[in-house]
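So the sequence shown is residues 5 to 1177, counted in the numbering used here. Don't be surprised by glycine CBs; every beta carbon is placed ideally from N, CA and C. Bear in mind that the values here come from a model prediction, so they are computed numbers and not experimental data. For reference, the structure is listed below as structure tokens.
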Amino acid sequence: MPSTFHTLEREREFKFPSKTGSNAEELQKLSEPHVESFNAIFHVEGSKDGKGLLDRAVEDISPCVIFDGKDSNGSKGNKLKFWIEEVNVGKPSVMCDGHSKLLYPYECRERGITYKSKMQAKFCWTVNDGPENSEVKNLGYLPIMVRSSKCNLYGLSSAELIKKREDSEEFGGYFVINGIERLIRLLIIPRRNNPIALIRSSFQNRGPTYTHFGVSIRCARPDQTSQTVTIHYCTDGNVTLRFIYRKQEYMVPLMLILKSLVECSDKEIFERVIMGNSDREVQDTFVTDRMELLLRDFKKFNLYNREQCLAYLGTKFHVMMDSPDDMNALEVGKEFLKRVILVHLNDDREKFNILIFMLQKLYALVAGKCVPDNPDSPMNQEVLLGGFLYLAHIKEKLVDILAAIKGQINQDIRRGLASVDFFNLKYIQKVMSKVNVDVGRKMEFFLATGNLITNTGLDLQQVSGYTVVAEKLNYYRYLSHFRSIHRGSFFAELKTTSVRKLLPEAWGFLCPVHTPDGGPCGLLNHLSHKCKIITSEYDISNLPKLIISLGVSPIYLNPVITEKQITLSDEDKTNEDLMEQTIMVMIDGKVIGWCSAKKAKEVADTLRFWKVNGRNNVPLDIELAFIPPSRGGQYPGLFIFTTMSRMMRPVKYLANGKKDMVGSLEQVYMEIACLNEDIVPGVTTHQDFAPTDMLSVIANMTPFSDFNQSPRNLYQCQMGKQTMGTPAHNLPSRTDNKMYRLQTGQTPIVRPKMHDKYKLDYYPNGMNAVVAVISYTGYDMEDAMILNKSSEERGFGHGVIYKSHFIDLTEKCPKGEPNACYFKFQQNTSNLRNLEEIEKAKQTLDQDGLPIIGAKLTTGCALYSYFDETSGQTKIVKYKEIEDGFVQEVRALGDESNNRGFQKAQIKIRITRRPIIGDKFSSRHGQKGVCSLKWPMVDMPFSESGIVPDVIINPHAFPSRMTIGMFVESMAGKSGALHGIAQDSTPFQFSEDHQTAVDYFGEQLKAAGYNYYGNEPMYSGITGKEFKADIYLGVVYYQRLRHMVSDKYQVRTTGPVHNLTQQPVKGRKRAGGIRFGEMERDSLIAHGVSYTLQDRLMNCSDYSQAYVCKKCGSILSPMAVPNTTVVPSKRESVVCGTCNTHKYIDLISVPYVFRYLCTELLSMKIRLKLEVD
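Have a look at this one:
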């Protein structure tokens, strides 16, 4: 288990980065769901036609048809048909001196611009179906994902990335918007093409006869956009189909849809639903009774064939579909079925089959023969990938352009403009110029804000919160953004907790540990490190034939129910009888055929054997979910999924030891062992490769997490992302607003195997500290820790903060006026009062008006200066930060044209942060604490071998938290330091049955001449005497958290106040006050310092003086009377307006907010009366 630190290997990789690929291939895979989904927009991996999703989306957009009303072609006039032929996106470039130059992400970060490339569309039109005309139009600049196939960093090796000023292991997956890195977060959505049974009370709100039963299916088109359809059971026997189109809800009788899809008789529908022959007696009257009601109720529509049903649909949905005027009702009906009903299928017969299946499932749900599916379970979910959402938004904006062109032409026709001429090219071009076709700007707004401005809703439940900043606080934080997956902001507002629960179905797909505590708990999860999201397509054209060859009956053959099935009720059937039940076989929501459950299991097992061994072209990534029949369990069937966006994970196929990929739906009904002891011969078919497969990357970094209480591991996942670490290696070319960096990061002695796999030694996150567990001095109570002063002076926990200031002189000039401000520092400036100030400014400013690199900045000193030509003065802007800083970098920023001269600059300031009292530290076990004191080394306790601890923590930190993993790490770190080995801290490797961690590391300590259990005699640094108890002493990896006193301390006497109440404003940056409530008031009284209350709550808050009338007790009635005498009086004359005299007027001190309260009450005719002595 012990390993080396790979120091020389790491040194070699730093000096000679790979010229062919990446040094950390596993790290690159973590952003694959983001990058590959964006690449699929332009090319879908594995697609037969080689087209990308954007091409499919353009093909799916219906042309717009307009008639001018002129009588040359019948009554409607000339027909203009307008459509988008193709959309092309280039690579990011920028014009420089008339030449096009490739644009790279580092330049966008430094200049604060967006990384984007030109987007063009070819618009085509015909008049009266004549010759085709076309024009290529710019659609603006589309933001491009970093390291995608459209990015200029695509395919670069580590060595080439460094030349482009990027991190050697840059894995992309985000967009650079206005210089800020943002990514589209992964969202959980319902599994596509999978009918799920639901029981929801909200269904009853649809109408008086509606029940809470329904079956819903989310259907995905080839371009990944989706449309959800739900069928509802009604108390009068009716079944209604519901869908949402352009944010409007519609209800259609299901029988009308069935009759519109295929030409069929009532008898055929009846038999297909009950799955029997007409000459056989069927015992289940529940379904037959309802089918008779359903068919009888449809007679009222007086529709007798398919054409009549289609025409009826066409008349009802003509306006909704915005169909062309020359399209008849029959064609509109067909278009409606194509664009709205079960859009994942193209054939109407196949749509009919799946609706029959949904109806069967609905009746089984109502009858209690199956349970509802859980929409909150991962088995019924998939992932909304950023690239697919991005494309759906682009597609909608393209549809909006066509709608806007149609609206503009119709507006011209209504106005009766003579210029309307479809044959005139200039008129068409004029119309297109009036329409806003800048799709790039809209996409940039979406990425910058995360807000979705949509007319259709895109079949999603939220309109905001889609994008987040990819913070580089440290590398753990950055990494976790790309593995995080959110349930959706809609669910954050729900009061129920069922959405947040961790379900067994999530094993291996969602990490059970890595979720925040608090508001987002259970909603914001993270993918397990082995979890893969499918982003490619597979050729499955031979799959239906293979399935039918294995004994599945094609769907056009009606299944026959055996005598045994008729005579036995569900309660009397044995498991063998249940396996003879007929079930459906489906591929991606398409019904292929039917067979017995026993046969279906054989088919699933055979297909699994083929896919693992790579036979018969069965892809490894397909999902084979066999749900067996049961008494009141889930609705049975063999469901095969091959689509994108599914979560899959690798497991070992025990039959031959090869890798198999399993999905979240099939896993529930499989026998997968975790450990060797879990394998049951003849039953277990698969096994996890390692028990840590269920954990995320960050959760795997917690050493010996199996020894800790589970909440502590959860806290460490959060704290690991809040530490000061090494956020990146390309710090000189980064311009983040605020960046933390640990100066003295070390590689941990105790670390899991995953640490080396993901090359996390490239980004150290803490320091190895000698930790003594002892109650010493009393400064270690309540989770406080004592820091060795000499350790701190040697660099323990030293960090810096980089802050960037962007300066834009164009903002100093009024809008519309030419630039009159330039960076400059002249000594004859008028606003410098004396020579001393000039000399002071010269210490930090250079002649160009920008600060000297390395100059120390203190509050009030000059930060930069600029010359204003309008006033002829040099103006100096001062440094306003409280902390001293040093100028790290100064950047001159230009633009493409450079016509305006040097107007923008960026100053990076370095602020040193040595650990001080109150700064927060933690171990990797959720044991956080603040530094209470920096104790001199001469007074620190020491061991027999002269070792002085860096950190002292209190023994009381352990009993209630039960973080035994920290004890084990302490022993492992100590033995690792003594023997010079890196200790493996991967969880689940020790057990009481084989070898315990104490024995393993205890033997190592014993071999080095130390106590078996990690205890040592220690001596007091003050008296030199030995302590009566042995002290637990070892090496623990400590993290310095970003929560520092320097960022949070707030002091105020008087300062800015609120205009209305005259009380202090809030906010540290605004020099505001802190909240002082009732509990604080009580504590001050309890301390016996009650007079402090007057100072805090009045004198330093909203102290004011007011006149009061002692007779009537009012502070509002006294009024100042103007002085009418010849001799001016210094004293103000005040008279009570109620008593009409000045005899009883007196001056009192009151909080100003009290006067405001009196005024508010007076407005409601309530008078406050004061009793004044």
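Cutting at 7 Å between CB atoms, please list the residues of its own chain near residue i, excluding the five before and the five after it.
i, result
"R738", "R113, A732"
"T1000", "F994"
"F426", "D72, N82, L84, V131"
"L262", "I273, F356, L359"
"Q892", "Y806, K912, I913, R914"
"V98", "K105, L107, E900"
"V336", "G318, F321, H322, M325, S327"
Drop a sphere of 10 angstroms on the beta-carbon of residue i, count the other beta-carbons inside from all chains shown, and report buried for 16 or more, exposed for fewer.
i, result
"T229", "buried"
"P135", "exposed"
"F693", "exposed"
"A1090", "exposed"
"N100", "For the sequence presented, residue 100 should be read as Cys rather than Asn. With fewer than 16 other Cβ atoms within 10 Å, it is exposed."
"P508", "exposed"
"Y145", "buried"
"E253", "exposed"
"P633", "buried"
Chain C beta carbons: is any one of them nearer than 8 Å to that of residue i?
i, result
"G159", "No chain C appears in this structure, which consists of one protein chain only."
Between which residues of its own chain and residue i is the CB-CB distance below 8 Å, once the five residues before and five after are set aside?
i, result
"I65", "W87, I88, K399, L402, V403, L406"
"V277", "V291, M295, I360, L363, Q364, Y367"
"K568", "Confidence at K568 is low in this model, with a pLDDT of 44, below 50, so the placement of that residue should be treated as unreliable; the coordinate-derived value is given next. Excluding positions up to five away in sequence, the list reads D581, E584."
Does residue i come out as helix, strand or coil in the three-state DSSP assignment?
i, result
"N350", "coil"
"V1191", "A query on residue 1191 cannot be resolved here, the shown segment of the chain reaching from 5 to 1177 and no further."
"F693", "coil"
"Y178", "coil"
"I409", "helix"
"P1155", "strand"
"V777", "strand"
"I1", "Coverage of the chain is limited to positions 5 through 1177, which leaves residue 1 absent and any answer about it impossible."
"L1064", "coil"
"A732", "coil"
"A604", "helix"
"E973", "helix"
"M651", "strand"
To the nearest angstrom, report how far apart residue i and residue j are at their CA atoms.
i, j, result
"D329", "N414", "13 Å"
"R650", "H960", "47 Å"
"Y214", "A224", "27 Å"
"S162", "H759", "20 Å"
"N281", "L299", "Residue placement at N281 is poorly supported in this model, since its pLDDT is 35, which falls under 50; the coordinates are not used for a value here."
"E354", "V595", "7 Å"
"E670", "W129", "49 Å"
"L628", "M590", "10 Å"
"N529", "R196", "21 Å"
"I857", "E17", "31 Å"
"P855", "L839", "19 Å"
"R653", "R612", "15 Å"
"Y1111", "T1142", "13 Å"
Could you round the C-beta distance between residue i and residue j to whole angstroms and report it? I think they count as a contact, below 8 Å.
i, j, result
"S502", "V754", "About 39 Å; that fails the 8 Å criterion."
"F890", "L861", "7 Å"
"K534", "D697", "5 Å"
"V473", "I184", "6 Å"
"R1072", "S1108", "Not a contact, Cβ separation roughly 25 Å."
"S220", "I193", "About 12 Å separates the two Cβ atoms, so there is no contact after all."
"G930", "R716", "4 Å"
"I1078", "Q1054", "5 Å"
"K879", "D872", "6 Å"
Return yes when at least one heavy atom of the ligand MN lies under 7 Å from the C-beta of residue i, else no.
i, result
"R738", "Questions concerning the ligand MN fall outside what the structure shown contains, since it holds no ligand whatsoever."
Could you name the residues of the same chain whose beta carbon sits closer than 6 Å to that of residue i, not counting the 5 residues immediately before and after it, in chain order?
i, result
"K168", "Y108"
"R284", "Here R284 scores only 40 on pLDDT, less than 50, and its place in the model is too uncertain to base an answer on."
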